[in-house]
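Participant: Going by the UniProt record's numbering, the residue at position 227 of the sequence shown is 227; the numbering climbs one at a time, nothing skipped.
Could you have a look at this structure, given as structure tokens, before my questions?
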Amino acid sequence: RFQHSPENGSKGRSTDETGERDQSFLPSSAELECWFYESIEKKGKQSTATAGAGRGGTRRETGWPALSPTLPLLLLFLLHRRRSTSSTRNGLGSRLAFAPLPLKLPFFFLHPAQLATSIPVLHCLRLLIAPAKSSPAIKRPVNLPVPALLRFTPLHRELRSRSRDPSLRRGMAPRRCSSTAPPAASVLVVLATAIALVGADDPYRYFTWTVTYGPINPLGTNQQGILINGQFPGPRIDCVTNDNLIVNVINKLDEPFLITWNGIKQRKNSWQDGVAGTNCPILPGANYTYKFQSKDQIGTFTYFPSLAMHRAAGGFGALNVYQRPAIPVPYPPPAGDFTLLVGDWYKAGHKQLRQTLDAGGALPLPDGLLINGMQSANFVGDLGKTYLFRISNVGLKTSINFRIQNHTLRLAEVEGTHPVQNVYDSLDVHVGQSVAVLVTLEKPPQDYAVVASTRFSPANLTVVGTLHYTGASSRAPGPLPAGPPGQSFDWSMNQARSFRWNLTASAARPNPQGSFHYGTIPTSRTLVFASSAPQIAGKRLCAVNSVSFVNPDTPLKLADNFNIANVIAWDSVPPRPDGGAPRQGTPVVRLNLHEFVEIVFQNTENELQSWHLDGYDFWVVGYGNGQWAENNRQTYNLVDAQARHTVQVYPNGWSAILVSLDNQGMWNLRSASWDRQYLGQQLYLRVWTAQQSFSNEYSIPTNAILCGRAVGLPH
1 RFQHSPENGS KGRSTDETGE RDQSFLPSSA ELECWFYESI EKKGKQSTAT AGAGRGGTRR
61 ETGWPALSPT LPLLLLFLLH RRRSTSSTRN GLGSRLAFAP LPLKLPFFFL HPAQLATSIP
121 VLHCLRLLIA PAKSSPAIKR PVNLPVPALL RFTPLHRELR SRSRDPSLRR GMAPRRCSST
181 APPAASVLVV LATAIALVGA DDPYRYFTWT VTYGPINPLG TNQQGILING QFPGPRIDCV
241 TNDNLIVNVI NKLDEPFLIT WNGIKQRKNS WQDGVAGTNC PILPGANYTY KFQSKDQIGT
301 FTYFPSLAMH RAAGGFGALN VYQRPAIPVP YPPPAGDFTL LVGDWYKAGH KQLRQTLDAG
361 GALPLPDGLL INGMQSANFV GDLGKTYLFR ISNVGLKTSI NFRIQNHTLR LAEVEGTHPV
421 QNVYDSLDVH VGQSVAVLVT LEKPPQDYAV VASTRFSPAN LTVVGTLHYT GASSRAPGPL
481 PAGPPGQSFD WSMNQARSFR WNLTASAARP NPQGSFHYGT IPTSRTLVFA SSAPQIAGKR
541 LCAVNSVSFV NPDTPLKLAD NFNIANVIAW DSVPPRPDGG APRQGTPVVR LNLHEFVEIV
601 FQNTENELQS WHLDGYDFWV VGYGNGQWAE NNRQTYNLVD AQARHTVQVY PNGWSAILVS
661 LDNQGMWNLR SASWDRQYLG QQLYLRVWTA QQSFSNEYSI PTNAILCGRA VGLPH
């Protein structure tokens, strides 16, 4: 039950019976009309016709099959129109009124996505069937049953944000039309439009994951691994651009647990990022449901545990996002694709490795490499066909080189973006990175070795799989294919420089990747972050510009949202190395929404490093040796630099990136080498604007776990 008045109705404010503000208000008719016309023009969507379960999860279709539950609402609306027409003619208001009907109607279950669509569709129907005249706001109580679940849907948040935009309100003139209903043909057109809109929702995929310990034996030694639904690695997620993913994670470990979605940008939604700075951990025996969207993304991604070195025990998996039919990729559809999760592995458990790091030691050398959790894997294809191989380095700290015997690798994707399709004999893939390559089976039918080997590590490790031609009986010929010459950093750096962004390829949205001319945009600031491994209080830690990060009891995102003092050390990491004494802290760099920033990663150590930024892709404009200087900008690639989310930094060298800060939130910038991240080589970027709107960022989820000093606060 809502009480609208000129004071609160015109500003989109609502109160319930207790006088507290309720978030489920309805915007005006004109606002809804404007929003829908804009959404039809700019946000046309297509629902995929297939539905099912499996690796893609349980998919709830919100297209044509989802229409039937909304038909009773359409009927209800048309019945209501007869009661509301007289009120409209008498000037009771253009704001929507749902008067109670003297009918006993059955209870209809509506999926949140259907409800979010059907209610605005009914409002649009009302505008077109019985246009309202401009008049004062409603001053009487209105019975309006709006399920609480509606307020959590992205569409409803969009409606709210647009209705609160003053500039949008000024541009909305009330419709002044005859109150005579249009002919039946017009009504049919309106109904057809409503049906089309109902069929335009992005599908939802539902997963329930139970996280447990379980026995594994990847290197011939019995170990306790972290399993998801009994699987090691965890279940693969296959989804489509803009799908909504609902993942209920049940923690049955003896420790708090979180999952982060590596490479998923979480548009306007850092609440779902799954790292210690944004989320309270899922306690043993508890659960948390992640709700996020593969918004405007295509490509090869992963997920993994983000706390307490859990990643060393498993809990990781693949997340593949396929394109919508309307968006072409720059290569013919492959005959199939293969997912390869490759990484170093330790026989010591994650708790033992954690104890080693906590005692000030370093990780030992890895004991082996794995492909998809095994020491071998088989990939079967047909002669003459082309297949897509998705390769992700899910290890803790070791770079790998990937190659297939007697076959070339045509680079097709780099972490969600389409590169120029150069051809390589082998590819370096560093920790946290993903690539996809096209391989054509055009050799004599037999078995060929699929090889991954360590790079830049004293541990000389190799894992071998098999590419099997259908019907062939011969084994792989001769010795394994050799990797790159020696441990040449120059070879690897030159290969990285050869990666080029395909400017004419379609992005996940219907515009070419090169339509954003990043090289012509002046930067607003430069940040230089130097890594180090200092001794602090007698213990070896890792740091950024001499500051080693310590996770507070209250996640930074919660502290920022609730204005909790003395949690965040704002801007406490210097923008450039200043030679200060090593220290611990909780640094957060404040940045403005829509800034364009240059970040330089400086490596002063003798080991290769890897850096990842949540929430974004960035352009890797330069690599170099030695100390970075401003004149190094003359060597930047400002035309077609590769965009990605994780970049390697070579020993005693630097890497430079440009990033457009178009995604508001609290975002983790960290070492992708998990021992260094655990020891403090990370910080957070708070991208923010004073103009708070749901078009910029979603509100805190109602199911958010509260911990630390946020316990008990209303949300």
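In this text, a Cβ means the ideal position worked out from N, Cα and C, and glycines have one as well.
Would you report the Cα separation of Cys239 and Tyr623, rounded to the nearest angstrom?
Facilitator: Taking the straight line from one Cα to the other gives about 34 Å.
Participant: Taking the alpha helix (DSSP H) that Met309 belongs to, which residues open and close that run?
Facilitator: Met309 -> no alpha helix (DSSP H), and no H or E assigned at all.
Participant: For the beta strand (DSSP E) that Asn251 lies in, which residues bound it at each end?
Facilitator: Run containing Asn251: 244 to 251, per the beta strand (DSSP E) assignment.
Participant: Measure the alpha-carbon distance for Val573 versus Asn603 and round it to whole angstroms.
Facilitator: Between Val573 and Asn603, the C-alpha separation is close to 17 Å.
Participant: Considering only DSSP beta bridges, list what Val394 is partnered with.
Facilitator: Note: Val394 sits in no beta bridge, so no partner.
Participant: Here's the rule: buried if 16 or more other CB atoms are within 10 angstroms of the residue's CB, otherwise exposed. What is Ala581?
Facilitator: Under this definition Ala581 is an exposed residue.
Participant: Should Asp571 and Val589 be called a contact, given that it needs their Cβ atoms to be closer than 9 Å?
Facilitator: Yes; because the gap between Cβ atoms is below 9 Å, this pair is in contact.
Participant: Does the separation of the CB atoms of Arg497 and Asn378 fall below 9 Å?
Facilitator: No, the pair does not count as a contact, with Cβ atoms beyond the cut-off.
Participant: Which class does Lys557 belong to by DSSP, given the choice of helix, strand or coil?
Facilitator: In the structure shown, Lys557 sits in a helix (DSSP, three-state: H, G or I).
Participant: Run the CB neighbour count on Gly373, radius 10 Å, all protein chains shown included, and call it buried at 16 or more, exposed below.
Facilitator: Burial call: buried.
Participant: Determine the direct distance from the alpha carbon of Pro701 to that of Phe694, and round the result to whole angstroms.
Facilitator: Computed Cα separation, rounded: 13 Å.
Participant: I need the boundaries of the beta strand (DSSP E) containing Asn592, first residue and last residue.
Facilitator: Unbroken beta strand (DSSP E) run through Asn592: 587 to 592.
Participant: How do the region 272 to 290 and the region 235 to 254 stand: do at least 3 beta-carbon pairs fall below 8 Å, yes or no?
Facilitator: Yes: the two stretches touch, three or more of their Cβ pairs being nearer than 8 Å.
Participant: Could you check which residue in Pro479, Gly263, Phe601, Pro552 has the C-alpha nearest to that of Thr586?
Facilitator: Thr586 has its Cα closest to that of Pro552, out of Pro479, Gly263, Phe601, Pro552.
Participant: Around the Cβ of His594, are there at least 16 other Cβ atoms within 10 angstroms (buried) or fewer (exposed)?
Facilitator: So His594 counts as exposed.
Participant: Determine, using beta-carbon pairs with one atom in the region 255 to 264 and one in the region 302 to 318, whether at least three such pairs fall under 8 Å.
Facilitator: Verdict: yes, contact present.
Participant: Start and end of the beta strand (DSSP E) containing Trp345?
Facilitator: Here the beta strand (DSSP E) through Trp345 covers 336 to 345.
Participant: Which full runs of the alpha helix (DSSP H) of 4+ residues lie inside the UniProt domain "Plastocyanin-like" (553 to 692), going along the chain?
Facilitator: Counting only runs of 4 or more, we get 556 to 561, 674 to 678.
Participant: Just the Cα atoms here: how many angstroms apart are Glu630 and Ile536?
Facilitator: Spanning the two alpha carbons is a distance of roughly 31 Å.
Participant: How far does the beta strand (DSSP E) with Gln421 in it reach, from first residue to last?
Facilitator: Element bounds for Gln421: n/a, residue is neither H nor E.
Participant: Where DSSP assigns a beta bridge to Gln223, which residues make up the other side?
Facilitator: Answer is Ile216.
Participant: Under 9 Å between the Cβ atoms of Thr408 and Pro445?
Facilitator: Their beta carbons are not under 9 Å apart, which means Thr408 does not touch Pro445 by this criterion.
Participant: Tell me which same chain residues have a C-beta within less than 8 Å of the C-beta of Gln224, skipping the five on either side of it?
Facilitator: Taken in chain order, the residues that qualify are Tyr213, Gly214, Pro215, Ile216, Ala313, Gly349.
Participant: Between Phe499 and Asn422, what straight-line distance do the alpha-carbon atoms span, to the nearest angstrom?
Facilitator: Each residue's alpha carbon lies about 8 Å from the other.
Participant: Using 9 Å as the threshold, is the C-beta distance between Phe402 and Leu427 below it?
Facilitator: Their beta carbons are under 9 Å apart, which means Phe402 touches Leu427 by this criterion.
Participant: With DSSP as the reference, label Lys539 as helix, strand or coil.
Facilitator: DSSP places Lys539 in strand when its eight states are reduced to three.
Participant: My understanding is that Val597 touches Leu683, with C-beta atoms under 8 Å, so please give their C-beta distance in whole angstroms.
Facilitator: Their Cβ separation, rounded to whole angstroms, is 14 Å, which puts Val597 and Leu683 out of contact at 8 Å.
Participant: Quick check on Lys385: does DSSP put it in helix, strand or coil?
Facilitator: Lys385 falls in the coil class under three-state DSSP.
Participant: Cα-Cα, which of Ala482, Leu527, Gly680 is closest to Ser546?
Facilitator: The shortest C-alpha separation from Ser546 is found at Gly680.
Participant: Give the range of the alpha helix (DSSP H) segment to which Phe489 is assigned.
Facilitator: Segment 489 to 498, the alpha helix (DSSP H) holding Phe489.
Participant: If you measure between the beta carbons of Leu600 and Val528, is that distance less than 9 Å?
Facilitator: For the sequence presented, residue 600 should be read as Val rather than Leu. In this structure, Val528 lies closer than 9 Å to Val600 by Cβ.
Participant: Report buried or exposed for Leu101, applying the criterion of at least 16 other Cβ atoms within 10 angstroms of its Cβ.
Facilitator: Summary for Leu101: the model assigns pLDDT 37, below 50, so the residue's position carries little reliability; its value from the coordinates is reported in the next sentence. That one is exposed.
Participant: Taking the straight line between their C-alpha atoms, what separation do you get for Gly665 and Arg455?
Facilitator: The straight-line gap from Cα to Cα measures roughly 35 Å.
Participant: Work out the CA separation of Gln272 and Ser610 for me, nearest whole Å.
Facilitator: Approximately 23 Å between the Cα atoms of the pair.
Participant: The beta strand (DSSP E) with Arg403 in it runs from where to where?
Facilitator: Residues 399 to 404.
Participant: Measuring alpha carbon to alpha carbon, tell me which of Trp491, Arg475, Ser548, Leu591 ends up nearest Ser524.
Facilitator: Residue Leu591 is the option with its Cα nearest to Ser524.
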